[in-house]
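Take a look at the structure set out below.
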Amino acid sequence: MESVSDTSWDVVICGTGLQQSLLALALSRSGKKILHVDPNHFYGGAEAAFSLQDAESWANEVSAKDAGLFRSASVARHESAAGLSSRSYSLAMAPTLIHARSALLSQLVSSRAYRQVEFLAVGSFFIFRLPQDSAQQPALIRIPSTREDVFAATTISSKAKRGLMKFLKFVLDYQNPPQLELWQSHAEAPLTEFLQQEFKMDAELQTYIVTLTLSLNGKITTRDGLAVIRRHLSSMGVYGPGFAAIYPKWGGLSEVAQVSCRAAAVGGAVYMLGAGVQAVETAGDEVKLELSSGDTVKTRILVRADDNPSEQTGISRLVAVVGSPLTSMFEVVVEGASRPAVAVVAFPAGSLSTPAGKASEYPVYLSVHSSDTGECPVGQNVLYLTTLSTPDSRQLLEEALEAFVGTAGEGQPAQILIQIRYEQLAGSGSFQPEGPVITFPSPSFSLSFDDSVLEPVQQAWKRIMGDAAAESDYMSFADREGAMDDDDVYE
Amino acid sequence: MADTGNAVKPSSSVKLVLLGEAAVGKSSLVLRFVNNDFQENKEPTIGAAFLTQKCNLPTRTIKFEIWDTAGQERFASLAPMYYRNAQAALVVYDLTKPTSLIKAKHWVAELQRQASPGIVIALVGNKLDLTNDGIGNGADGDGAGSDDSGDARKISTEEAKTYAEEEGLLFFETSAKTGYNVTEVFTAIANAIPETSLKTTRGPGASHAAGRTEEQRVNLNGPRDPNAKEGCAC
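Read top to bottom, the protein sequences are chains W and F.
Just so we're aligned, residue 1 is where the first sequence starts under UniProt numbering, counting upward by one.
Just so we're aligned, residue 1 is where the second sequence starts under UniProt numbering, counting upward by one.
In structure tokens form, the structure reads like this:
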């Protein structure tokens with residue numbers, strides 16, 4: 001067998017994060033000689049999913065090196081969690097929802113990769129509401145998800161309902177002339193301001209709408225906000241009644257990355273884990289790479305991802321496993337709908353405060369994943385909390401976690417078995433093709449899959465394929481022999 | 001796999017991975033199971049292959065999603081991706097080749113260390129047609145690798161069986177060439193998958209949850225309605 005050093009590779013892809021893996025999928029039928037390496041001993045890069053042990057060794061590695069995009073990682077097990085089976089967990093670094101109208105799903109379908117992914121419905125979105133007076137308890141308020149829901153909702157006044165209905169009707173057609181005029185003058189202003197001025201929405205209704213955008217700073221512009229709300233509404237019901245987004249079982253985008261790599265391997269790509277690119281030397285139309293495995297390889301093109309933090313903006317994350325089924329979070333609210341496996345809770349800006357009394361500047365989002373996601377054993381849930389990094393963000397995530405388990409626990413607070421904390425930084429952020437070296441931007445922080453992540457992948461594919469690139473062929477493959485359709489007869 | 005025509009049986013998917021040294025007959029076992037076919041001098045598998053096949057049990061239908069891996073994979077970087085979340089593994093050796101059992105034992109140890117805690121593992125000694133056990137061998141007995149005596153067996157049934165029992169594995173000797181015992185392996189695996197790992201048992205309502213797993217799965221291939229109702233509120 002030819003050694004890796006003797007082969008003249010067409011492409012070396014470094015890293016198995018989502019973008020690199022999707023590129024491997026896109027090239028899986030190209031006949032190109034592909035070497036796909038990853039300095040880590042696991043797949044998925046920043047989108048990986050970990051067992052408990054994996055998470056612990058990852059956290060140790062992150063603390064030891066103080067470079068790259070991750071910082072301050074730690075794993076804490078509650079004493080009652082000592083006997084937990086490490087491999088019963090698949091904790092996602094990127095628990096990203098995917099809206100039904102996302103181009104990622106159409107690409108997974110046209111490339112046939114979707115056959116190996118199990119998707120689950122994302123159910124209700126909730127708002128954490130502080131009590132209005134001291135006699136009340138904080139509560140989780142479900143955001144009405146259908147027209148019928150809005151009518152039936154007891155938490156909204158009838159005046160507010162009319163405003164909400166008017167807005168929903170507007171959004172579905174917001175890019176067309178009469179509606180266009182209404183928002184264009186507000187395009188770069190915060191969405192909340194637009195909702196207040198044009199639809200007379202009160203602060204609470206504004207919060208409902210902003211929550212649906214999952215905007216990390218809560219200050220999404222009118223232009224971006226309307227696009228995201230439009231996508232949410234038009235995604236509703238596409239794959240079944242009562243849900244707009246789906247989630248890949250076994251760890252979210254990690255699963256998509258692995259399925260993509262498997263497809264590339266079936267096509268003949270060679271995989272090496274624990275082998276990073278240590279040195280790059282460009283000579284003519286060839287790139288010489290030194291791998292950490294000790295091999296030196298030659299390739300026409302190198303694709304890698306930016307992992308140098310260029311600015312100190314980032315997100316704080318807290319992943320908590322709780323020993324309670326939290327059944328009330330996953331109720332079926334539309335007749336005939338399948339039971340959701342994921343629910344989202346937003347803690348609007350200002351709804352949390354540090355022990356020193358400082359109020360939260362940005363929203364905190366908490367994604368609840370039931371054991372149906374395959375991420376934890378039956379009877380437990382995984383909570384993924386995210387907020388923009390600030391000096392107080394870690395503290396605020398703790399507060400949000402405590403408030404949630406106190407409110408959502410059935411009768412008594414759910415016990416927290418495991419907590420993983422980390423900070424993730426942004427990279428330099430732009431797609432850089434420089435001669436034979438293509439660099440993808442650092443991973444997106446978006447809590448709902450952002451289709452702009454797909455663009456650099458397609459551009460890289462075009463560069464690699466050159467004249468042979470026909471847009472209509474991109475990610476468009478027939479089923480391989482033996483991998484049949486669900487409806488096929490097997491006899 | 002004759003379909004009994006019983007339409008109401010619950011159906012569940014089971015992810016199964018094949019592991020083993022190169023040229024022990026992993027792909028041939030799958031080809032026999034899926035297509036009831038056999039190819040002499042089959043080309044080595046590149047990377048991996050994905051196939052599906054249904055297995056009808058009296059009370060349910062199991063749809064196997066089979067990942068057939070390449071035995072000559074160079075950097076041992078692919079297998080973890082295939083056995084991740086797998087509910088079953090078929091570890092294959094060639095009963096005419098002692099080194100292949102050693103490799104099989106390595107795979108079993110790796111699965112026990114790294115794969116899902118409840119994974120069902122079957123140890124399969126293939127190429128029974130090259131022995132003179134009198135079962136499953138073709139009349140001419142001249143399959144690739146057979147010697148003139150007609151019995152090329154190098155690993156006794158007892159040796160492998162004892163090991164399998166110690167490790168809690170299912171154990172079979174098969175011939176992908178004649179088809180002997182092939183379906184039996186898959187049926188035994190299907191029967192050994194715990195019912196609880198096939199459906200979601202969640203508190204209330206769990207009693208009628210049979211087949212829930214399939215219900216919950218969102219089907220992307222369904223009629224994706226391009227004009228899906230857009231009248232829903234937020």
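All residues carry an ideal CB built from backbone N, CA and C; glycine is no exception.
Problem set entry | Residue of Arg300/W, Ala24/W and Pro340/W minimising C-alpha distance to Asp285/W | Comparing alpha-carbon positions, the option among Arg300/W, Ala24/W and Pro340/W lying closest to Asp285/W turns out to be Arg300/W.
Exercise. Would a C-beta distance cut-off of 7 angstroms place Val24/F and Tyr93/F closer than the cut-off?
Worked result: Taking C-beta atoms as the reference points, Val24/F and Tyr93/F count as a pair closer than 7 angstroms.
For this session: Flag this pair as touching only if the segment 221-241 of chain W and the segment 73-92 of chain W have three or more C-beta atom pairs under 8 angstroms; answer yes or no.
Result: No, the segment 221-241 of chain W does not touch the segment 73-92 of chain W.
Exercise. At least one CB of chain W closer than 7 angstroms to the CB of Pro194/F: is that the case?
Worked result: For Pro194/F, the answer is no, since every Cβ of chain W falls outside 7 angstroms of its Cβ.
Exercise. Where does Tyr271/W fall in DSSP's three states?
Worked result: In the structure shown, Tyr271/W sits in a strand (DSSP, three-state: E or B).
Problem set entry | DSSP beta-bridge partners of Ile119/F | Ile119/F has no beta-bridge partner at all, per DSSP.
Exercise. How big is the Cα-Cα spacing for Ser72/W and Ala46/W?
Worked result: Take the alpha-carbon of Ser72/W and the one of Ala46/W: they are about 15 angstroms apart.
Exercise. So, is the C-beta of Val24/F closer than 7 angstroms to a C-beta in chain W?
Worked result: Closer than 7 angstroms: no.
For this session: Spatial neighbours of Trp9/W within its chain, please: CB distance less than 8 angstroms, with the 5 preceding and 5 following residues excluded, ordered by chain position.
Result: Result list for Trp9/W: Lys33, Ile34, Leu35, Val297, Lys298, Thr299 and Arg300, in chain order.
For this session: Please confirm if Glu79/W has its CB atom under 7 angstroms from at least one CB of chain F.
Result: No, no contact with chain F.
Problem set entry | Top-ranked residue by Cα proximity to Arg231/W, from Lys249/W, Ser28/W, Ile209/W and Pro391/W | Looking at the Cα atoms, Ile209/W is the closest of the given residues.
Problem set entry | Closer than 7 angstroms to chain W by CB, Ala139/F | A caution first: Ala139/F carries a pLDDT of 44, below 50, which makes its placement in the model unreliable, though a value can still be read off. Chain W has no Cβ within less than 7 angstroms of the Cβ of Ala139/F.
Exercise. Would Gln53/W pass as a contact of Ser86/W if the rule is Cβ separation under 7 angstroms?
Worked result: Contact: yes.
For this session: Assign Glu255/W to one of three DSSP states: helix, strand, or coil.
Result: DSSP, read as helix, strand or coil, puts Glu255/W in helix.
For this session: For Ala88/F, decide whether its Cβ has a neighbour in chain W, counting only Cβ atoms nearer than 7 angstroms.
Result: With respect to chain W, the C-beta atom of Ala88/F has no partner C-beta closer than 7 angstroms.
Exercise. Mind checking if Ser85/W is an interface residue toward chain F, Cβ cutoff 7 angstroms exclusive?
Worked result: Taking Cβ atoms only, chain F reaches closer than 7 angstroms to Ser85/W, which makes this a yes.
Exercise. Can you give the Cα-Cα distance for Leu273/W and Gly251/W, rounded to whole angstroms?
Worked result: Roughly 19 angstroms between the two C-alpha positions.
For this session: Return the Cβ separation of Pro391/W and Leu302/W in integer angstroms, given the expectation that the two are a contact with Cβ distance under 8 angstroms.
Result: So it is not a contact: roughly 38 angstroms between Cβ atoms.
Problem set entry | Start and end residues, beta strand (DSSP E) containing Asn56/F | It spans Ala48 to Asn56 - the beta strand (DSSP E) in which Asn56/F sits, taken as one unbroken run.
Exercise. Quick one: is Gln216/F near chain W, going by C-beta distance under 7 angstroms?
Worked result: Yes, its Cβ sits closer than 7 angstroms to a Cβ of chain W.
For this session: Spell out whether any CB of chain F is found under 7 angstroms from the CB atom of Gln206/W.
Result: Taking CB atoms only, Gln206/W has no neighbour in chain F less than 7 angstroms away.
For this session: Kindly indicate which residue of Ala265/W, Glu455/W, Gly15/W and Ser3/W has the alpha-carbon position closest to the one of Gly31/W.
Result: Looking only at Ala265/W, Glu455/W, Gly15/W and Ser3/W, the smallest Cα-Cα distance to Gly31/W is reached by Ala265/W.
For this session: Please list the residues of the segment 250-265 of chain W that have a C-beta atom closer than 7 angstroms to any C-beta atom in chain C, keeping them in chain order.
Result: Absent here is chain C; the protein component of the structure consists of chains W and F.
For this session: Tell me whether Pro309/W counts as near the ligand COA, meaning its Cβ is closer than 6 angstroms to at least one heavy atom of that ligand.
Result: With respect to the ligand COA, the structure shown offers nothing to examine, as it has no ligands at all.
For this session: Quick one: residues in its chain with C-beta nearer than 8 angstroms to the C-beta of Asp487/W, no 5 flanking neighbours on either side, listed in chain order?
Result: Here the model assigns Asp487/W a pLDDT of 44, short of 50, so the residue's position is not dependable and the matter cannot be decided.
Problem set entry | Where the alpha helix (DSSP H) containing Tyr180/F begins and where it ends | No alpha helix (DSSP H) contains Tyr180/F, which DSSP labels as neither H nor E.
For this session: Answer with yes or no whether the minimum CB distance from Leu220/F to chain W is below 7 angstroms.
Result: Yes, because at least one Cβ of chain W sits closer than 7 angstroms to the Cβ of Leu220/F.
For this session: Pull up the distance between the alpha-carbon of Lys65/W and that of Leu425/W, whole angstroms please.
Result: So the two alpha carbons sit approximately 15 angstroms from each other.
Exercise. Which residues mark the beginning and the end of the beta strand (DSSP E) in which Val334/W is found?
Worked result: No beta strand (DSSP E) contains Val334/W, which DSSP labels as neither H nor E.
For this session: Would you please verify whether the beta carbon of Ser12/F is less than 7 angstroms from any beta carbon of chain W?
Result: With 7 angstroms as the cut-off, Ser12/F does not count as an interface residue toward chain W.
Exercise. Do you know how far the Cα of Ser234/W is from the Cα of Ser106/W?
Worked result: Near 15 angstroms, if we compare the C-alpha coordinates of Ser234/W and Ser106/W.
Exercise. Taking Asn60/W as the reference, which of Lys166/W, Leu182/W and Arg421/W has the closest Cα?
Worked result: Of Lys166/W, Leu182/W and Arg421/W, the residue nearest in Cα terms is Arg421/W.
For this session: Would you please verify whether the beta carbon of residue 236/F is less than 7 angstroms from any beta carbon of chain W?
Result: This structure cannot settle anything about residue 236/F, because the visible part of chain F is limited to 1 through 234.
Exercise. Going along chain W, which residues have a C-beta under 8 angstroms from Tyr82/F?
Worked result: Neighbours of Tyr82/F on chain W, chain order: Arg262.
For this session: Tell me, please, which residues DSSP counts as bridged to Phe125/W.
Result: Among the bridge pairs identified by DSSP, Phe125/W is matched with Val344/W.
For this session: Identify the contact partners of Arg60/F in chain W, using a Cβ-Cβ distance below 7 angstroms as the criterion.
Result: The CB of Arg60/F never comes closer than 7 angstroms to any CB in chain W; the least such distance is about 15 angstroms.
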